[in-house]
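Mapping of the sequence shown onto my numbering: position 46 corresponds to residue 49, and the numbering continues sequentially without gaps. Glycine residues also receive a C-beta, built at the ideal position from the N, C-alpha and C atoms. Model, not experiment: these values are computed from the prediction.
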Amino acid sequence: MTDRIKNRIALVTGAASGIGKATADLFEAEGAVVIRTDITDGDHHKLDVAKASHWRRLIDSIEYERLDIVVNNAGISPHDNIENLDMDNWNTIRGVVLDGVMLGCNHTLPLLKKSTCGAIVNVSSVAGMVGSSEYTSYGAAKAGVRNVTKSIALHCARKRYSVRCNSVHPGSIDTPILDADKAKYGEEKTIQVRTKAIPMGRLGLAREVANAILFLASDDASFITGAELVIDGGFTAR
C-alpha cells in the first residue's frame, strides 16, 4: 500500500458489506481513519441515510473537527418496471439512493469545508446512465445521483471550497446486492445473464470499485471534480 490518504478522516456509508466494506478496508490499509456506517447492527455507526435526524445524530457524534473524505455508497436495488411500479417502493428507493446522497453531502459539507483536501465520492451506477426496463425506480434515482454530484461539484468549485465531488458508476459487481437476483433466478443463471452483457466476460469485484473510489478520493485526482468514472467491464461502451 502507498499511504495515499494517510491520516485523512473518511466517512463511508453502507460499509457493512460489498463495495462499502471493500472501500472502508482499502482506506484503512492506505492510512485513513475510517468512520463506518450502515443501517444494519454491527461494529459501526448505525445510520439510515434516508433520515435527516440520523445524519444530524451521526455528525454530532463525530469526535474529529473535520472530514476529508465522504463516500456515499449506501443503496438498495429492487426490481420494478413502469407497469408494476408501486409508489411506496419508488419513494423507498429514492429515499435511500438519492435522498441519502443529498442528505449525506448536505450534512457533511460543513466538516469537509474545514479540510484542505476534501473529497466526496458518490456511488451511482451504470443504471443511472442507460435505461433498464426492470430497474425503473433504481435507475431514476441513480441518474439523480449523477446529476446532483455535478451540481455539488460546481457549487464547491465556485465557492472556492477545497472540496471535490465525483461519482463512480459500477456495472454488474459481485456483491450482496445481487442476492435478490440469485434467489429469484438461481446463482448460475444470474451470473450467466449478467456476464453475457459484459464485453470483458465476468462480473466486477468490489475491490475494483474501491480502487476507483480511492483514486478519486486521493490527491491523484486533485484536478478532477464533477466527473463520472465508469467501472463496468465495457458494458456502456457497446
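task = With A144 as the anchor, note down where its alpha helix (DSSP H) starts and where it stops.
result = 139 to 161
query = Mind checking S128: buried by the 16 CB within 10 Å criterion, or exposed?
reply = When all chains shown are included, S128 counts as buried.
key: Other residues of its chain near D91: CB distance less than 6 angstroms, five sequence neighbours each side excluded   = none
request  = At 3 residues or longer, and completely inside the region 94 to 139: list those beta strand (DSSP E) runs for me, N to C.
outcome  = List check, beta strand (DSSP E) in window: 121 to 126.
task = Report back the beta-carbon spacing between L70 and L14 to the nearest angstrom; my notes put them in contact at under 8 angstroms.
result = 6 angstroms
Given 8 angstroms, three or more beta-carbon pairs between the region 192 to 203 and the region 104 to 113 = By the Cβ test, the region 192 to 203 is not in contact with the region 104 to 113, since fewer than three Cβ pairs between them sit closer than 8 angstroms.
query = Can you list, in chain order, the residues of its chain whose CB lies under 8 angstroms from that of L217, leaving out five sequence neighbours each side?
reply = R7, I8, T26, L29, F30, E33
task = Below 7 angstroms CB to CB, which residues in the same chain sit around D184 once its five sequence neighbours on both sides are set aside?
result = T193
message = I need the straight-line Cα distance from L157 to I227, nearest angstrom please.
response = 12 angstroms
task = Between the Cα of R11 and those of A18, M4, A35, G23, spot the shortest distance and give me the residue it belongs to.
result = Considering only alpha carbons, the answer is A35.
message = For the region 48 to 68 against the region 220 to 237, do three or more pairs of beta-carbon atoms, one drawn from each stretch, fall closer than 8 angstroms, so that the two count as touching?
response = Result no; under three Cβ-Cβ pairs closer than 8 angstroms.
query = Is S170 helix, strand or coil by DSSP?
reply = strand
request  = Reducing DSSP to helix, strand and coil, say where V52 ends up.
outcome  = coil
key: Through-space distance from D177 to K169, alpha-carbon basis   = In the sequence as presented, Lys is not what sits at residue 169; that position holds Asn. When rounded, the distance between both Cα atoms is 23 angstroms.
key: Cα-Cα separation, S225 to Y188   = 43 angstroms
request  = Note down the Cα distance separating T95 from R167, rounded to an integer number of angstroms.
outcome  = 28 angstroms
ask   = Taking the beta strand (DSSP E) that L88 falls in, what are its first and last residues?
value = Run containing L88: none; DSSP gives neither H nor E here.
ask   = With 16 as the cutoff for other CB atoms within 10 Å, does I38 come out buried or exposed?
value = buried
query = Smallest Cα separation from D223: which of C120, D102, D63, I62?
reply = C120
request  = Counting only runs of 4+ residues fully inside the region 167 to 235, write out the alpha helix (DSSP H) ranges in chain order.
outcome  = 182 to 188, 190 to 199, 209 to 220
key: Where the beta strand (DSSP E) through L14 begins and ends   = 12 to 15
request  = Can you check DSSP and say which residues form a bridge with R39?
outcome  = Among the bridge pairs identified by DSSP, R39 is matched with V15.
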